[in-house]
Structures are given as C-alpha cells and as structure tokens.
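If you read the protein sequences in the order shown, they are chains A and B. If you're matching positions, the first sequence starts at 1 in our numbering and goes up one per residue. If you're matching positions, the second sequence starts at 1001 in our numbering and goes up one per residue. Cβ atoms here follow ideal geometry from the backbone N, Cα and C, with glycine treated the same way. Report on one structure; see the data block that follows.
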Amino acid sequence: MTETAQLEQHSPLLELLNGFIVELREAGLPVSLTENLDAVEAVKHIPINERETFKYALAATLVKNHAHWKAFETVFEVYFSLRGKEYELQDGEWDGSNAEFEMSDDNQSGQMPGQGGGQEGLTQEQLAEMLFQALAKMDQNMMRAVARQSVQRFAGMEPGRPVGGTYYLYRTLRNLDLDGVLERLLAQDQNPKETPDILEERLRKDEYEHRIDQLKKEIEAEIRRRLVADRGVEAMAKTLRKPLPEDVDFMHASREEMVSLRRAIWPLTRKLAVRLARKRRHGRKGPLDFKRTVRQSLSYGGVPADPKFKYPKPSKPEIMVIADISGSVAAFARFTLHLVYALNNQFSKVRSFVFIDGLDEVTNYFEGVDDITEAIHRVNTEADVIWVDGHSDYGHAFEVFDERYGKDVGPKTTVMILGDARNNYHASQSWVIKEIEDKARKVFWLNPEPRSYWDTGDSIVSEYSDYCNGIFEVRNLKQLEAFVENLV
Amino acid sequence: MSYRFEKVQTVQEDLSKVGYLADDGIAGAVYLGDRLQKPILVEGPAGTGKTQLAKSVAEMTGSRLIRLQCYEGLDESKALYEWNYKKQLLRIQAERNSDSSGSWEELEEDIFSDEFLLTRPLLEAIRSEDPVVLLIDEVDRVEIETEALLLEILSDYQVSIPELGTVEARQIPLVFLTSNNTRELSEALKRRCLFLHIDYPDLEREREIIVTKVPDINENLGDQIARVVRTIRDLELKKAPSVSETLDWARTLVHLGVEHIDAKTATETVNILLKYRSDIEKAIKEFSTDEELNSEEE
C-alpha cells in the first residue's frame, strides 16, 4: 500500500505521534493501547497537512471524554500546529522544507530576539490602526500579522528566560489597550441620527468582543510558538500541563473550574440516584411468578406460553444531607450546595441541613428554585447557622440535629455528612452519629481534606468514623465518582 | 475492501447535498469511521443533530437505516434476538398430535432454527445483505450492565447465539451511537468507538444551517438570528437553545413577516427559543434597557 510506504518514509511522524501520546498520558488522559493503535491507523488515512481534519481525527481516536478536549488541544497545538507553514514568519526562520517533522528545535533558539522583517518599520500608531482595521473587518491574516507584531514588540521575550507564557501575554495585552479599541469600534458604528436598537447594540458588542477574544487566542498561540521554538516541545508541553477537570481540587478550584465542575455534577447525581434506589422497573426479571403463569396459561389451553415473573419492588430512598458551610471549607461548601441542589432534582425526598456551630434546615430554599445561585445566596444569608461565634462546632450542630430532626431519621434514610471534621477543639458528641447510624439505613461521611491531614490539629475524623458506614476522602470529581461507584 | 468515501471533503460535500452541514470534526469522524471500520460514538447537548447525522449518512450512502432506541430496561430479547417461544410451543404440540414419532433431537434441532428466531435491530443490522447504517440512539439510557450486550457487535460485528452459533456480518455496517451524556459510558464501550463531540455550531455554520433549512428567509434575518442565539447561549442558562429551537424561531419570524429583529420582537418571541421561565426572564432582561424595565415597574 502506498500509504504505508509513505508512512515508512516519514517515520518521524510516527515518532512524533508517540511523543504526543506519551505527553497526553502525562497530562492525565487515559489513552489505552487500542486507542494508541487506532491513532496510528488513523494518521495513515488523513494527511498531516490538513491540520484541522488531522486534529479531529486524532481526537476521535484518543479523546473519549469531552472534558479532556482542552487538554488535548493544548498538547496538539504544541506538538503539531505550531509547526505549520502558516505560522512561519518568513523564509529562513524555520529550516525550510523539513521543518514540519523536525524534532529538534535547538538551532532556532538563537534567533529568537529581533526577528520579523517586513513590518518592522511600523510605528506604534500604525500598529494600533492595523489592529483596529483587522478587528473591524475581521481579517484573519491581518489579525495574525498584528498578533505577531505585537508579541514581538511588547512581550519582550528572551531565549532561555524561565518565565511562563501568561507573563508575556499580560505584557502584550497591557500595551494594546483592547478596551479602548472596543470602544472605538462601537463608536464607529454609531449612527448619530437615530438611537440604535438596544438589541442591535448588544449584538454588535458581542461580535466585537468575540473578535477580540480571537485576537487574544492568536496572540497566545504566537507566544506559545516562540516558547516552543526556544525551549523545545517536551519542556513546553510540560509547563502547559494543567489538572484535568476531574482532578481539580474542590478546595482550590478557580471560578472557571467551578463552572465545569458544576456541569459534571449532574450525571453523577443521576448515577447516585440509580445506585441508591436500585430500582429495577422492567428488564431484569425476578423469579418466576408461578401463580400468574398458571393463570395466564389457561388462555393457551394449559400450556404455559407466557411465563410471568415477579418484579422486585423499587425502593424509594430518603436522603438527608448535612453540610458544613464554615469558612474553612468555603470552596467545598459552594460545591456541596450544588450537589445538594442536583440531588434535589433526582430524588423526591431530600432534606438538606447546613451548619457552622448552629444548624438549620434549608430544604425549602432548594425547592422549586430554577436558579441555583439564588438558592445559594439565600442559604448563605438567611440560614440560621451561627450559634456562638461562627467557628465550626460539629458537636453542637449534631446535638441540634438530634434534638430537632432526630425523630425523622428512619430505616429508609441515607445520611450524608459533608465536612472536614475540624471541630475547633469542641466536644465531638459522637454519640449523636452513633444514634443516627442505629436508626438510618446508611451513614456516609465525605471529607474534602487529604487523608494525610485527618486527625491532625483539631480534626477529629476518627471519633466519628467508627459510627459511619463509610468515610471517604472526596477532594475531586474522580473521588466523588469513585464514592458513587462503591455505593452498591 | 472498498471504502464508502474517497476523501474527507467528499463526505462534507455529500452530506450538504442531503441537507446536513457538517464541520471538519463531523466529516472527519464519519470518514474515519468508515476507514477504520469502527463505530462512532456521538455525544453532545440535546438538539445539535446527533441523530440527524446518522439519518443523513444513511440517506447520502443510500443505505437502510436500522434504529435501536435505548431505554432503561432494554435487554437482549429487545436488542439482539429472541426465540419465538409461542411458535416453538405450537410446533411441539403439533408434533405430539400428528403421532409422527420424530426423535427429540430432530425436534430440538428444528425448533432452534432460523425459522423460530425473531431478529431484533442489532442482529438484523449485521444479517442484512444491503448496506446498512445502524443507529443506537441514546445509549446512555441503558444501565451500565446492559452496555455489555453491545460490545460483541461493536468490536467484531458478530452475534453469538448459543443454540445456533455465531452469526457474522455479511457487510460491515456504519454504526452510530448517540449519547446525551447523562452518565459516563463504560471504558470498554468507549474504547471500541471513535468519539465525536457535536457542540452548538459556531456563528457561520449556524447561519448556513438557518439559511438552508428555512425557506424564504432573507440572509440578513438569518445572520441576525444566528447572532442573537449566540448571545443567548453565552448567558448562563438552565438550557441553552438548541439548533432545532433556533430553526423553530427562524420559521416563526418568517411567518410573522419579520424582516429585522429589534428588542421588542425578540422579547415577544423568545419563548420559542427558551423553555424555562427563569431563562426567558434572564434573556428579556438582557435585551431591554434599564429605562424600559423601570417604566414597567411603575
């Protein structure tokens, strides 16, 4: 086959692909051997110079979870895209024809500063004008040229300098005054005679913001390209590594990460719902229902033509969630509330309680609410959770729980306690948990702290753990998922 | 082995001929699915044309579309095959009445033969002589244990029936599985498939889709609709408008004789685009000036 022959000639591609997959694995993507082989097979069918298609083809074989897409894209860019012809500045900067598959970039590092020829004579005003024009006309090529120019001029990149890409990005953007450009763009379209429609105005603004985002991406790519040329592919890929969404620590999640975490919670709660209820409505049949089968057989003249089976009764679980929302677990608490909200949508009987040193029921806040942020706001402002000083007191909170709601815990109830068990050296009152455990179906404790921190300082996990059916370290989605898996 | 498609571009062109506008990712995956003979797992938000993709591919290749709709409780008798128990019983009864003393072995061989086999979608797909596109819709609805039913057919294109032996595919069907991602699919299933995520289309593609799918729409309006929808999708909503909802909206506007959307028309018709009260309120808030809101309150 000609394709195989070609591949043999360009075995650097295979080598490159290997390095690429190794890096994906390093970044945490679970690439199995079959998937690896599929990728090798796939590149036989799709030529590397069709960049976009090539990227999607590799993604189709290697990335089986959309949450991993971003990580994949970054690594792909470093390994493949930045070698493309359209990224070349001019002749001579890259080593001509075989630059595409060249693994070592050492020979280029020396050329980093002072490159760029044709447009070097531009003044700052001219560059600003060019930027404005590029955005106004949405001219891709011009945008790329502007990105190149501005990085070269403002980023102040030097070879071998151990600084991350964000630093250069910041320096470049600071000099471009994109907010000013946006205003100018908006002003330009303004028709002085008539007042513009509010919708039209909004759309225009969105459009320009979109374009500016694109420019930012272009600049980022340009910086990355230069860094790759300076440091080499492997090193660059390493510095760009970020935790995958499922590995993000709840306690230290950034705003953006929180958003993606929130999305990921939904399927999880559904899973949880299935595991807890273990409803087997149809399908999975129970033992033969002899009586009904015989009765049915009468219509076939005594031949049991239509066997009937017993169906197990679906159980309806009740859930009680007791969550610590004190400062020490603030980030986790926000996540917790989302989890509670999601649970509410899956189960008919969920009761939720929050505490710091006092405890309050917040079930109502989540009921019939469409907007979760509103519910969270109400929990944070209205719930009566402070008893003395607003420092966690698990003991007192549990006492209050037992006193007011203890009678509602029954044999169908699953109790989930979320918190770090840092009790500020108060009394643990672990007998409450023992009592709950006696009455309830299951008691689970989810702790957002690393296991190695448990029982250090004022953490008293083990005083409670004896009375729980399970106590789990849940710091990221992966662990939460593992918890759900193990529920059976 | 001959391939169905020559190049990625041909996939794209042919799909657009049957009215499906595919981007690079979609066309690439379909092409690769054919080349590597692997099923394609299509995932993404509801209403982005996952199921339609399979239908369009069937139309474009002139294949028969066999569809297996998944639901909780699906089992092998509904997905793979089932013995026609009643017919078997009748056969046995008939044997007894006719007094012809055939041996039990003969009878057994007889009642576990093709004649008494009811084929279900999966078995049918591989037994078909003509080219087939197999669509396994909403595979995330079955329990994780049931997924195992699919594995044999997905990796080897064969079905093992204990009484009959292994039925191998007469042709390799193009297989699409769709998922709304309500749960994580098993590793085993994912490993056997190519993965394609179809997201909401970008501005250009959406505009094209609107213009192709809605007759008599002028390009200006189409462009505006696409832009409004993009803005709305950027808001944090419970359920972002899908492509089909966008099309509904476009059709409505055309029927109403709207040529240009202003804030008022948008506010009045946005309930076609959004399905939750809180979402609608949020969107209306975005599109009206503060003064208007204030005057309403007074």
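- The three-state secondary structure of Thr414(A), taken from DSSP, is strand.
- For Val146(A), the closest Cβ of chain B is not nearer than 8 Å.
- Contact annotation, Phe483(A) with Leu446(A): C-beta distance approximately 7 Å; criterion of less than 8 Å satisfied.
- Collapsing the DSSP output to three states places Val181(A) in a helix.
- For Ala60(A), a Cβ of chain B is located within less than 8 Å of the residue's own Cβ.
- For the pair Lys1017(B) and Glu1059(B), the Cα-to-Cα distance works out to about 10 Å.
- Of all residues in the stretch 23-56 of chain A, only Pro30, Ser32, Thr34, Glu35, Asp38, Glu41, Ala42, Lys44, His45, Ile46, Glu50, Glu52, Thr53, Phe54, Lys55, Tyr56 place a beta-carbon less than 9 Å from a beta-carbon of chain B.
- At a cut-off of 8 Å between beta-carbon atoms, Leu17(A) makes no contact with chain B.
- For Arg171(A), the CB contacts under 8 Å within the same chain, skipping 5 residues up- and downstream, are Phe154, Ala155, Gly156 in chain order.
- The stretch 1101-1114 of chain B and the stretch 1036-1052 of chain B do not touch, with fewer than 3 CB-CB distances between them shorter than 8 Å.
- Here Val1228(B) is near Leu203(A), since their CB atoms are less than 8 Å apart.
- Unbroken beta strand (DSSP E) runs of no fewer than 3 residues, entirely contained in the stretch 1070-1135 of chain B, are found at 1081-1083, 1117-1119, following chain order.
- Segment contact: the stretch 423-440 of chain A against the stretch 337-352 of chain A, fewer than three CB-CB distances shorter than 8 Å; contact not assigned.
- Contact annotation: Leu1194(B) and Gly1033(B) have beta-carbon atoms nearer than 8 Å.
- Residue contact check for Leu199(A) against chain B: a CB pair falls below 8 Å.
- Of all residues in the stretch 1002-1031 of chain B, only Val1008, Asp1024, Gly1025, Ala1027, Gly1028, Ala1029, Tyr1031 place a beta-carbon less than 8 Å from a beta-carbon of chain A.
- Per DSSP, the unbroken beta strand (DSSP E) holding His1197(B) starts and ends at 1194-1197.
- Taken through DSSP and simplified to helix, strand or coil, Trp387(A) comes out as coil.
- Linking Leu1036(B) to Ser1155(B) through their CA atoms gives a straight-line distance of about 11 Å.
- The straight-line gap separating the alpha-carbon atoms of Ile1066(B) and Ser1242(B) is approximately 25 Å.
- At a cut-off of 8 Å between beta-carbon atoms, Lys64(A) makes contact with chain B.
- Chain B places no beta carbon closer than 8 Å to that of Leu288(A), leaving this residue out of the contacts.
- Distances from the CA of Asn364(A) to each of Lys349(A), Asp357(A), Ile356(A) were compared; the closest alpha carbon is that of Lys349(A).
- Within chain A, the residues whose beta carbon sits less than 7 Å from that of Thr1231(B) are Arg202, Leu203, Asp206, listed in sequence order.
- In the structure shown, Leu1021(B) adopts coil according to DSSP, grouped into three states.
- Sequence-ordered contacts of the stretch 1168-1197 of chain B with chain A read Asn1181, Thr1182, Arg1183, Glu1184, Lys1190, Arg1191, Leu1194, Phe1195, Leu1196, His1197 [C-beta pairs closer than 7 Å].
- Among the bridge pairs identified by DSSP, Ser352(A) is matched with Val321(A).
- Nearest C-alpha to Asp1223(B) among Leu1203(B), Lys1238(B), Asp1234(B): Leu1203(B).
- Closest option to Gly286(A), judged by alpha-carbon separation, among Ala229(A), Tyr311(A), Ala264(A), Ser352(A): Tyr311(A).
- Asp360(A): member of the beta strand (DSSP E) spanning 359-361, first to last residue.
- Interface with chain B (8 Å Cβ-Cβ cutoff): Trp69(A) is included.
- If you look at Gln1158(B), you'll find it in the beta strand (DSSP E) that goes 1158-1161.
- Distance from the CA atom of Val385(A) to the CA atom of Asp466(A), rounded to whole angstroms, is 26 Å.
- In the DSSP annotation of this structure, Val1214(B) is not part of any alpha helix (DSSP H), being labelled neither H nor E.
- Taken atom to atom, the span from the alpha-carbon of Ala1169(B) to that of Glu481(A) is near 37 Å.
- Residue environment: Leu1134(B) is assigned as buried (16 or more neighbouring CB atoms within 10 Å of its CB, all protein chains considered).
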